[in-house]
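Student:
Number of protein chains: 2
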Amino acid sequence: MSSPTADPAPRRRGRPVDVDPERVALLALRHFDEHGYEATTMDDIAELAGIGRRTLFRYFPSKPALVWGGMEPVVERMHAVLDDASPDEPVRDVLARAITVSLDLSPDALEATRRRLRLLGSDPALIAFGLSRLNADHGMLADFLARRLGEPADGLRVHVLADAVSSANFSALIWWARHDEGVPAPVAVAALDALLSRWGG
Amino acid sequence: MSSPTADPAPRRRGRPVDVDPERVALLALRHFDEHGYEATTMDDIAELAGIGRRTLFRYFPSKPALVWGGMEPVVERMHAVLDDASPDEPVRDVLARAITVSLDLSPDALEATRRRLRLLGSDPALIAFGLSRLNADHGMLADFLARRLGEPADGLRVHVLADAVSSANFSALIWWARHDEGVPAPVAVAALDALLSRWGG
Numbered sequence: 114m115s116s117p118t119a120d121p122a123p124r125r126r127g128r129p130v131d132v133d134p135e136r137v138a139l140l141a142l143r144h145f146d147e148h149g150y151e152a153t154t155m156d157d158i159a160e161l162a163g164i165g166r167r168t169l170f171r172y173f174p175s176k177p178a179l180v181w182g183g184m185e186p187v188v189e190r191m192h193a194v195l196d197d198a199s200p201d202e203p204v205r206d207v208l209a210r211a212i213t214v215s216l217d218l219s220p221d222a223l224e225a226t227r228r229r230l231r232l233l234g235s236d237p238a239l240i241a242f243g244l245s246r247l248n249a250d251h252g253m254l255a256d257f258l259a260r261r262l263g264e265p266a267d268g269l270r271v272h273v274l275a276d277a278v279s280s281a282n283f284s285a286l287i288w289w290a291r292h293d294e295g296v297p298a299p300v301a302v303a304a305l306d307a308l309l310s311r312w313g314g
Numbered sequence: 114m115s116s117p118t119a120d121p122a123p124r125r126r127g128r129p130v131d132v133d134p135e136r137v138a139l140l141a142l143r144h145f146d147e148h149g150y151e152a153t154t155m156d157d158i159a160e161l162a163g164i165g166r167r168t169l170f171r172y173f174p175s176k177p178a179l180v181w182g183g184m185e186p187v188v189e190r191m192h193a194v195l196d197d198a199s200p201d202e203p204v205r206d207v208l209a210r211a212i213t214v215s216l217d218l219s220p221d222a223l224e225a226t227r228r229r230l231r232l233l234g235s236d237p238a239l240i241a242f243g244l245s246r247l248n249a250d251h252g253m254l255a256d257f258l259a260r261r262l263g264e265p266a267d268g269l270r271v272h273v274l275a276d277a278v279s280s281a282n283f284s285a286l287i288w289w290a291r292h293d294e295g296v297p298a299p300v301a302v303a304a305l306d307a308l309l310s311r312w313g314g
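Going down the list, the protein sequences come from chains A and B.
The numbering of the first sequence is my numbering, which starts it at 114 and goes up by one.
The numbering of the second sequence is my numbering, which starts it at 114 and goes up by one.
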């Protein structure tokens, strides 16, 4: 959204600049991959992105936020599908659609997601940072399943199934980031179908 | 196991003493509940348990270890059932038996488990500490499911189903600690059956 040709004023240090947070996150994730997550500082990222330290912290208040930041739009898209689904559409189909829509990513976002998940799969402390955000995910799935199964949202069954769907989705994405070169949605939908298939009997 | 009557030597500071780690963990967990996890120091716990700071650290190298410590025997008992199960026993029954055996707890362990899970349910950072241990859990479930489903242990389906079973079990225990006054095994088995039941169609 920054438009240098329309704005000929010279850039000074500290002057507010337009920042594309997705691009900053992608640069950071590439740098983590090359130089290690622990070894990278927020100052390294600011320099790499050509922005001031203060600007970086306004968008990403911490290093884990650079890793988790991109998850939010994914969760929001899933939320929208679950909220608007017709009661006639089977639960499996709504969930599969929610997964597919939530994982419809631009090429940059796809690369960022893969790097993000590889990093998460290697560092439990990073997963912890995102758990509270994943709780939002749990709440929306629980509400959806409660409505559709006609059971209380705080009951055991809804609680467990919402966590299982969440876990299957996250687990499929971690698997995809390591093993699959394509797009993630078919892998995540296959995981949902594995969960729903008869496999324990 | 300490036997003061058979050992009349006076106790000195720093002298090794026999310690019951389960009792120490239970005292700590009760103290966390009353005074708050953050507000409690390792020194508080050592004093409460009547042992030296160094002894406490030998058994529990950190405060999170006091919360997670008791999970290990549970995972070991589950492991033993999965390893020894006859190939004729249905997967659901083996898993239900592994859950039930792993959750056969003494009254003290039951109380500690409930307090532990309530604390975990309230603090994502504490969950993170245990995630690497839960990974051991994932590995053993994945091996079992790979054997029984005749699929590769590093394939998507086994990876996702192992995580879903793990997640359903953990999620059921968190639910139990909050909502149920009885023993945990029937709740965890009900969660497994909810997972295996037809609910998405």
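No residue lacks a Cβ here, since even glycine has one placed at the ideal position from N, Cα and C.
What separation, rounded to the nearest whole angstrom, lies between the Cα atoms of B/Ala-285 and B/Trp-181?
Tutor: 17 angstroms
Student: May I ask which residues mark the beginning and end of the alpha helix (DSSP H) holding B/Asp-146?
Tutor: 134 to 148
Student: Kindly provide the ranges of any beta strand (DSSP E) runs that are 3 or more residues long and lie completely inside the segment 155 to 234 of chain B, ordered along the chain.
Tutor: none
Student: What are the start and end residues of the alpha helix (DSSP H) that includes A/Pro-299?
Tutor: 298 to 309
Student: Which residues in the same chain as B/Ala-281 place their Cβ atom closer than 7 angstroms to its Cβ, once the five residues preceding and following it in sequence are excluded?
Tutor: Ala-304, Leu-305, Leu-308
Student: Select from A/Gly-234, A/Asp-217, A/Gly-183, A/Leu-230 the residue whose C-alpha is nearest the C-alpha of A/Asp-133.
Tutor: Nearest Cα to A/Asp-133 within the set A/Gly-234, A/Asp-217, A/Gly-183, A/Leu-230: A/Gly-183.
Student: Please classify A/Asp-267: does DSSP put it in a helix, a strand, or coil?
Tutor: Three-state result, A/Asp-267: coil.
Student: Does any C-beta atom of chain A lie closer than 7 angstroms to the C-beta of B/Leu-161?
Tutor: no
Student: Around the Cβ of B/Thr-226, are there at least 16 other Cβ atoms within 10 angstroms (buried) or fewer (exposed)?
Tutor: buried
Student: Mapping the DSSP letters down to three states, classify B/Ala-290 as helix, strand or coil.
Tutor: helix
Student: As a quick exercise: from A/Arg-311, A/Gly-313, A/Pro-299, pick the residue whose alpha carbon is nearest that of A/Ser-215.
Tutor: The residue with the shortest Cα to Cα distance from A/Ser-215 is A/Pro-299.
Student: Can you list, in chain order, the residues of its chain whose CB lies under 7 angstroms from that of A/Ala-141, leaving out five sequence neighbours each side?
Tutor: Ile-158, Leu-179
Student: Do B/Ala-277 and A/Ala-277 have their C-beta atoms closer together than 7 angstroms?
Tutor: In contact: B/Ala-277 and A/Ala-277 (Cβ atoms closer than 7 angstroms).
Student: My assumption, with CB atoms under 8 angstroms, is that B/Leu-169 sits in contact with B/Met-155. Please give the rounded CB distance.
Tutor: 6 angstroms
Student: Just the Cα atoms here: how many angstroms apart are A/Gly-268 and B/Gly-165?
Tutor: 44 angstroms
Student: On the criterion of 16 or more Cβ atoms from any shown chain inside 10 Å, does B/Gly-313 qualify as buried, or is it exposed?
Tutor: buried
Student: Can you tell me which of the three DSSP states B/Gly-313 falls into?
Tutor: coil
Student: Could you tell me whether the Cβ atoms of B/Ile-287 and B/Gly-252 are closer together than 7 angstroms?
Tutor: It is not a contact, given that the beta carbons lie outside the stated cut-off.
Student: Should B/Leu-286 be flagged as near chain A, meaning a C-beta pair shorter than 7 angstroms?
Tutor: no
Student: Output, in chain order, the set of chain A residues within a Cβ distance shorter than 8 angstroms of B/Gly-314.
Tutor: Pro-203, Val-204, Arg-205, Leu-309
Student: What separation, rounded to the nearest whole angstrom, lies between the Cα atoms of A/Gly-263 and A/Arg-210?
Tutor: 21 angstroms
Student: Using C-beta distances below 8 angstroms, list every residue in its chain close to B/Pro-265, excluding the 5 sequence neighbours before and after it, in chain order.
Tutor: These residues qualify, in order along the chain: Ala-259, Val-271.
Student: With distances taken Cα to Cα, identify the nearest neighbour of B/Asp-293 among B/Ser-175, B/Lys-176, B/Asp-236, B/Arg-228.
Tutor: Here the closest residue by C-alpha is B/Arg-228.
Student: For the segment 291 to 308 of chain B, enumerate the residues whose C-beta is nearer than 7 angstroms to any C-beta of chain A, in chain order.
Tutor: Correct list: Val-300, Ala-303, Ala-304, Ala-307, Leu-308.
Student: Would you tell me roughly how many angstroms separate the C-alpha atoms of A/His-148 and A/Glu-160, rounded to the nearest one?
Tutor: 15 angstroms
Student: Does B/Arg-143 have its Cβ less than 7 angstroms from a Cβ in chain A?
Tutor: no
Student: Whose Cβ in chain B lies nearer than 9 angstroms to the Cβ of A/Ala-281?
Tutor: Those within 9 angstroms of A/Ala-281 in chain B are Val-273, Leu-274, Asp-276, Ala-277, Ser-280.
Student: Suppose you measure from the CA of B/Arg-261 to the CA of B/Asp-206; what does that come to, to the nearest Å?
Tutor: Taking the straight line from one Cα to the other gives about 12 angstroms.
Student: Can you give the Cα-Cα distance for A/Arg-310 and B/Pro-203, rounded to whole angstroms?
Tutor: This sequence places Ser at residue 310 of chain A; Arg is not what is there. Cα-Cα distance, rounded: 16 angstroms.
Student: Report yes if the CB atom of A/Ala-301 is closer than 7 angstroms to the CB atom of A/Ala-275, and no otherwise.
Tutor: no
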